[in-house]
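In case it helps, the working numbering puts the sequence shown at residues 489 to 801.
From the three backbone atoms N, C-alpha and C, an ideal C-beta is built for every residue, glycine too.
Only a predicted model underlies this, so the values are computations on that prediction, with no experimental measurement involved.
Down below is the structure, laid out as structure tokens.
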Amino acid sequence: MENFNSYKKVVIVYHRVDNDGLGSFAVANRFFRTLNRYKEVTHDIIPCGWNYGDEIPEILRELDYSKDTLYVMVDISIKNVMKDLHDNGGNLIYIDHHQTAIDWVIAEEMSFPGIMKSEIGTSAIKLAWEYFFGTPTPRVVELVSKGDTWDKSGDWTETRALAKALMVKFDTDVDYWSVGFETLIDFEEERLNSFIELGKMLNEVEARTFRRYVKSGFEVTVAGKYKGIALITPQGGSIQFDSVKDKYELFVVINRVEEDKFTISMYKEPGDIPEFHIGKYMEQFYGGGGHESAAGGRITFKQFEKLNFEKVI
């Protein structure tokens, strides 16, 4: 691993809407905070959250190619920024597990320090820990990783419980993730276990709510042949479809963010309809990307109107 003490500014670019992206930020942030405590050089650590469809943040529109500045991109790929840094000799560490993004980097014949690894069985937070700290991996990192990749080995109830507690306690606030996540690593038995117990209670209550709420869903046909159910809600995640998961192949969440701007997220059970890669579908048609079983993008009102509203559950 390179000597990080030469950098004065570190911009950590992360996927701002899910636990894997926020946890990846927390891992990178912990690493540079640790260097600041024990080394003579003090890094100015700047968090920069981004999601597909967002405007490019100002700090990424005027890039610094100097040897003093390091960009760390975790669980997200902003293609024009990456290409710009690559072509102009900027410093970028890239850590990602989304196959669509990995394929693009390879096709562009670009190379960055960091880790690119296929989405199957891994996650960005685990890759970030591996890159910055090596092994062993803390329990909280393993659980966030399992939740992001739908790895149901071990106690899946525990994995889901931690995911819910993190959403409730930390939300997408980087200040909470900066400090709070470290306590889950350093005080595992007390702090982490209390989060898991909280999450179990929250999930029990939420499951009852979702069973009622999903009745407002409407059927859609995806790619001309796959049967799905859609909900219009700011609530993300596939958990809300648990009560009807045996009736549909795909599960869709739509959220209106502006007059002519909607976000769309799509899910399927891992292993189902293996010929249909949701991430590649989202990249091709909805300006997004993601995993084989879960991905997101954005749609216009005209695209939204094409959804089939006729049959309500």
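For G541, which three-state DSSP category applies?
For this step, residue 541 is matched to residue 53 along the sequence shown. Three-state result, G541: coil.
Whose C-beta lies closer than 6 Å to the C-beta of F797 among residues of the same chain, with five residues either side of it excluded?
Mapped onto the sequence shown, residue 797 falls at position 309. With a pLDDT of only 42 at F797, under 50, the local geometry of the prediction cannot be trusted, and no value is derived from it.
Out of curiosity, what's the CA-to-CA distance linking E546 and V662?
Residue numbering aside, residue 546 sits at position 58 when the sequence shown is read from its first letter. Residue numbering aside, residue 662 sits at position 174 when the sequence shown is read from its first letter. Distance between the alpha carbons of E546 and V662: 18 Å.
Report the partner residues of A783 according to the DSSP bridge assignment.
As a position in the sequence shown, residue 783 is number 295, starting the count at 1. Answer is M754, G778, bridged to A783.
Just to confirm, are I594 and Y619 a CB contact at a threshold of 7 Å?
Here residue 594 refers to the residue found at position 106 of the sequence shown. Here residue 619 refers to the residue found at position 131 of the sequence shown. For I594 and Y619, no; Cβs fall outside 7 Å.
Using a 10 Å radius around the Cβ and a threshold of 16 neighbouring Cβ atoms, would you call Y553 buried or exposed?
Start at 1 with the first residue of the sequence shown, and residue 553 comes out as number 65. Classification of Y553: exposed, given that the 10 Å Cβ count is below 16.
Which residues does DSSP pair with F789 in a beta bridge?
For the purposes of this step, residue 789 is taken as the residue at position 301 of the sequence shown. Beta-bridge pairing links F789 to no other residue.
When the Cα atoms are used, what is the spatial distance from I590 to K605?
Taking the first residue of the sequence shown as position 1, residue 590 is located at position 102. Taking the first residue of the sequence shown as position 1, residue 605 is located at position 117. Cα to Cα, I590 sits roughly 8 Å from K605.
Suppose the cutoff is 7 Å on Cβ atoms and the five residues either side in sequence are ignored; what does the same chain contact list for P758 look like?
Position 270 of the sequence shown holds residue 758. Within the same chain, P758 has close Cβ partners W638, S781.
Name the two residues that bound the continuous alpha helix (DSSP H) containing Y701.
Numbered from its first residue, the sequence shown carries residue 701 at position 213. Segment 681 to 701, the alpha helix (DSSP H) holding Y701.
Taking the Cβ atom as the reference point for each residue, do V499 and Y559 lie within a distance shorter than 7 Å?
Residue numbering aside, residue 499 sits at position 11 when the sequence shown is read from its first letter. Residue numbering aside, residue 559 sits at position 71 when the sequence shown is read from its first letter. Yes.
Closest by CA to P479, which one among R525, K555, D542, V562?
The structure shown does not extend to residue 479, since the chain spans only 489 to 801, so no value can be given for it.
Mapping the DSSP letters down to three states, classify D584 as helix, strand or coil.
Within the sequence shown, the letter at position 96 stands for residue 584. If DSSP states are grouped into helix, strand and coil, D584 belongs with the strands.
Does the stretch 710 to 719 come into contact with the stretch 648 to 666, if we say contact requires no fewer than three beta-carbon pairs (one atom in each stretch) closer than 8 Å?
At 8 Å Cβ cutoff, the stretches do not touch.
With a threshold of 16 other CB atoms inside 10 Å of the CB of D532, please say whether the residue is buried or exposed.
For this step, residue 532 is matched to residue 44 along the sequence shown. By the 10 Å Cβ count, D532 comes out exposed.
Give the list of continuous beta strand (DSSP E) stretches no shorter than 3 residues that lie fully inside the stretch 559 to 583.
Qualifying beta strand (DSSP E) stretches: none in this window.
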